[in-house]
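Reviewing the structure listed below.
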Amino acid sequence: MSMFDIWSGILSGFRVTASVTLYGLVFAVPFGLVFGIAQYLTTGFARFLVTSTIEFWRSSAVVILLFVFYYALPVVGVTLSAMTVGAMVLGLNTAGYASQAVRAGLQALDRGQKEAGQALGLSRAAILLLIELPQALLAMSPTFINLVIQLVKATSLVSLITLTDMTFRAKEIAQIEYDPVPVYLALLLSYFMVCYPIALLGRWAERWVTPVREAGRGI
Amino acid sequence: MGFDVGFALASVPAILGAIGMTLLVAVASSFGAAALGFCLEIVRRRGGLVGFLVRFLIDFIRATPVLVWLYCLYFILPFHGVRLSALTVGIAGLSLYYSGYLAEVFKAGIDAIARGQQEAARALGLGRLDTVVFVIAPQMLRNIAAPMGNYFVSILKATPYLAVLAVPEMLGAAFDIASDTYRYAEPLTVAGIVFLALALAISQGVRWLEKRLAVSTAR
Amino acid sequence: MTSRLSPRRAMLARGLGVVLARGLAMVLGVAALGAAGQAAFAETAKDRILREGRIVVGIHNRAPWGYRDEATGEATGWHPDLLKAAFADLGVKEIDIRVTEFGALIPGLLAGRFDVVASGLSITPERCRQVAFGRPDLKELDAALVLPGNPKDIHGYQDIVDNPDIVMGAGRGSVVVRNALAAGVPNERMLLFPDIQSNVAALRAGRVDVSLLSLPTVLALLKDGSARDVERADPFVIADEQANYAAVAFRKQDEDLKALYDEKFTALKQDGTVAGLMKKYGFAEDATVPDTVTTELICGNGKDGAGE
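Protein chains in written order, with our numbering: chain H, 5 to 223; chain P, 2 to 220; chain W, 3 to 310.
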């Protein structure tokens, strides 16, 4: 097999890698926002419930969750496609991390922001949506970009639940190829080519938001 | 076939029995990653061609999935006649991978210490080594305790990947039961729960340590 | 709205729309499934397969058993070919493959991830308790891969048992583990691997001294060149009663599908199609399953393990 065959073989799995990432974001973005805001606003028992949900998705080992959702849920009558399982588990895991960034961003804002909004007679929701969230999300944008990279990298795990992503294709090729070296090096490079541009974007964002960056300490 | 609670309970001891292996891998990899990460950061700081290469290596590691690194080491090393046990390969892989992250943590920690500290120490007549050991290191450790603790938890959560290399940690133990009985649902769910409990306990411990450090060195 | 966008942007917007729509469907679907439960399971697998003309098969991507042909991307191998031949005149043209680890084949089948396992699974009494096997279609013996020159001089399970320095590698959940345990190889001298590739890599790395596999697998590995630096332990003596018999595996509730397959398989055996396929995959004459060997017999007690 030539180097070209190896590359094109691995890249034929890119579609699945990209799909899991994108569908994963469909889970990660809304749930990250909702969890984060909920943890910021709630108190007492409600906050405990929100925190427990976040901790479940954040602290579980994703690879075990993938297996459990893929093999154990059908046993109790819930059969989700491999793609859905991958997107949901990886997406909600990312959402768990993102929620912490959202909450920390909100908490780090100066109290005066909220008070100014109240002085203007804005409702709590309006203060959150118009004043607090935009600042918090902007300040946290480097963290979010970092999480996207983590998500892309985590998609390599879906190869363990029968999805033919780039990692899976590489393993397939390595099975019929005597020399594993070019196969796995090509695979590493493939991920690098996807993730490094995102990392550069993240660095650019970091420089851009540096003035508000202090707000992001502690996550 | 349904979820057999009795069978799930019966699989608990075997999975708990593998907790030692999980912890061994996590602790050894954490030390390895911290030591290697510190070395990488020191070399990177010196600059020059070697510094540039190390910088690239760190960026490269951070843009590629840990699973692929494990596959790489596992399949490529024996191809070049390097014969290591799967456990060694796994610990080496996790150490190498997370050293890329810890190098960044050390970078931030060292950057945060004002240059003046170093100059003051020199002015007091402290040697280079003394300066590092008694002035820089203690302050740096305080600064980086939180992010470092978070990465140790990340390493713990990455230990189940070693199951794909046939290392008998908790997920591996669950698979052993699963392959004997052809039932995936119960042992995997048990492994997931035990793992979640372990991860929560350890991250609580890390948080507690963090708080203590913050109190003892209140700014 | 989209008419004002440039074509490229419109395409991008549409693409994004599709992702969002499908993703939302996923999110909602996940929520709905919790409520819907098993309502969708009314149709039997057999009816669905015949209606759609498509069967989903689980394989572990290993020649000669069941694997993806790199050139065409199609399912091929001993068992997929048998299935194709058996169901072709019923209008089932599409063999949809799900590649998984060997040890996950039966759990995947039980979890409804595929309709059948067509990947060289051997019939064992333990497996019979979980799944329903079709007619046995191939007799296979265990074989071993060792480092060049067979440095530990391994020619049978007894050699492994007798030498406490030998560590044996096998596929997690594979049938050789059963034979090895029966022969007396202790658990702690066995390393179990998720796939053959890591098993062979471990042998090459000296992590194990011998890799136990089925003979057809060993021959295929040596043939396609992916297992250089290692060789077959020749001879590897194995008793005839330790022979395994491979078959297609079905879910127990899909008895109708299994019956249909069995009927077709018997016909294929009579008209020589099976013998032709055996030739195609290089299986020797003596791998033919004698008519006296039946699934019920191997499962034990002729009960197919049912009711246990």
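Don't be surprised by glycine CBs; every beta carbon is placed ideally from N, CA and C.
Since the model is a prediction, treat every value here as computed from it, not as a measurement.
Contact with chain H by residue i, beta-carbon distance below 7 Å
i, result
"residue 126/P", "no"
"residue 212/P", "no"
"residue 104/P", "no"
"residue 87/P", "no"
"residue 76/P", "yes"
"residue 297/W", "no"
"residue 28/W", "yes"
"residue 158/P", "yes"
"residue 78/W", "no"
"residue 69/P", "yes"
Cutoff 7 Å: residue i Cβ touching any chain P Cβ
i, result
"residue 108/W", "yes"
"residue 123/W", "no"
"residue 184/H", "yes"
"residue 132/W", "yes"
"residue 196/W", "yes"
"residue 206/W", "yes"
"residue 72/H", "yes"
C-beta neighbour in chain W for residue i, strict 7 Å
i, result
"residue 83/H", "yes"
"residue 180/P", "yes"
"residue 165/P", "yes"
"residue 30/H", "yes"
"residue 185/P", "yes"
"residue 180/H", "yes"
"residue 123/P", "no"
"residue 138/H", "no"
"residue 220/P", "Low local confidence applies: a pLDDT of 46 at residue 220/P is under 50, so the model's placement there is unreliable, and no value is given."
Residue i (DSSP reduced to helix, strand or coil)
i, result
"residue 141/W", "strand"
"residue 181/H", "coil"
"residue 181/W", "helix"
"residue 210/P", "helix"
"residue 194/W", "strand"
"residue 136/H", "helix"
"residue 68/W", "strand"
"residue 250/W", "coil"
"residue 141/P", "helix"
"residue 78/W", "strand"
"residue 215/W", "strand"
"residue 135/W", "strand"
"residue 171/P", "helix"
"residue 27/W", "helix"
Spatial neighbours of residue i in its chain, beta-carbon cut-off 6 Å, leaving aside the 5 residues before and after
i, result
"residue 56/W", "96 and 98"
"residue 109/H", "140, 143 and 144"
"residue 140/W", "248 and 289"
"residue 233/P", "Outside the shown range of chain P (2 to 220) lies residue 233/P, about which nothing can therefore be said."
Whole-angstrom distance between residue j and residue i, CA atom to CA atom
i, j, result
"residue 214/W", "residue 185/P", "24 Å"
"residue 94/W", "residue 149/W", "44 Å"
"residue 87/P", "residue 295/W", "41 Å"
"residue 39/P", "residue 128/P", "20 Å"
"residue 64/H", "residue 160/W", "44 Å"
"residue 6/P", "residue 100/H", "29 Å"
"residue 16/H", "residue 89/H", "21 Å"
"residue 54/W", "residue 90/W", "13 Å"
"residue 139/P", "residue 145/P", "10 Å"
"residue 190/P", "residue 156/W", "39 Å"
"residue 71/W", "residue 14/H", "15 Å"
"residue 136/P", "residue 152/P", "24 Å"
"residue 72/P", "residue 165/P", "9 Å"
Own chain partners of residue i with C-beta closer than 8 Å, once the 5 adjacent residues on each side are dropped
i, result
"residue 270/W", "84, 87, 88 and 276"
"residue 17/W", "none"
"residue 132/P", "119, 122 and 123"
"residue 134/H", "121 and 126"
"residue 24/H", "87, 90, 91, 94, 159, 162, 167 and 169"
Neighbourhood of residue i by C-beta distance below 7 Å, restricted to the same chain and skipping five residues each side
i, result
"residue 196/W", "103, 105 and 174"
"residue 74/P", "90, 93 and 94"
>> With a threshold of 8 Å, are at least 3 pairs of Cβ atoms found where one atom belongs to the region 160-168 of chain H and the other to the region 61-70 of chain H?
In response: Segments in contact, yes.
> For the 8 Å Cβ check, are there 3 or more pairs between the region 167-174 of chain W and the region 102-113 of chain W?
Replying inline: Contact between the region 167-174 of chain W and the region 102-113 of chain W is present, because at least three Cβ pairs lie under 8 Å.
>> Could you check whether the region 40-57 of chain P touches the region 148-155 of chain H, counting it as contact only if at least three pairs of C-beta atoms, one from each stretch, sit closer than 8 Å?
In response: With fewer than three CB-CB distances shorter than 8 Å, the region 40-57 of chain P does not count as touching the region 148-155 of chain H.
> Would you say the region 125-139 of chain W touches the region 254-274 of chain W, given that touching needs at least three Cβ pairs under 8 Å?
Replying inline: Because the criterion of three Cβ pairs below 8 Å is met, the region 125-139 of chain W and the region 254-274 of chain W touch.
> At a cut of 8 Å, does the region 10-29 of chain P reach the region 157-169 of chain P through at least three beta carbon pairs?
Replying inline: Short answer: they touch.
> Using 8 Å as the Cβ pair cut-off and three pairs as the minimum, do the region 7-21 of chain P and the region 190-204 of chain H touch?
Replying inline: As far as the Cβ criterion goes, the region 7-21 of chain P does not touch the region 190-204 of chain H, which means the pair count is below three.
> Using 8 Å as the Cβ pair cut-off and three pairs as the minimum, do the region 227-237 of chain W and the region 105-118 of chain P touch?
Replying inline: No contact exists between the region 227-237 of chain W and the region 105-118 of chain P.
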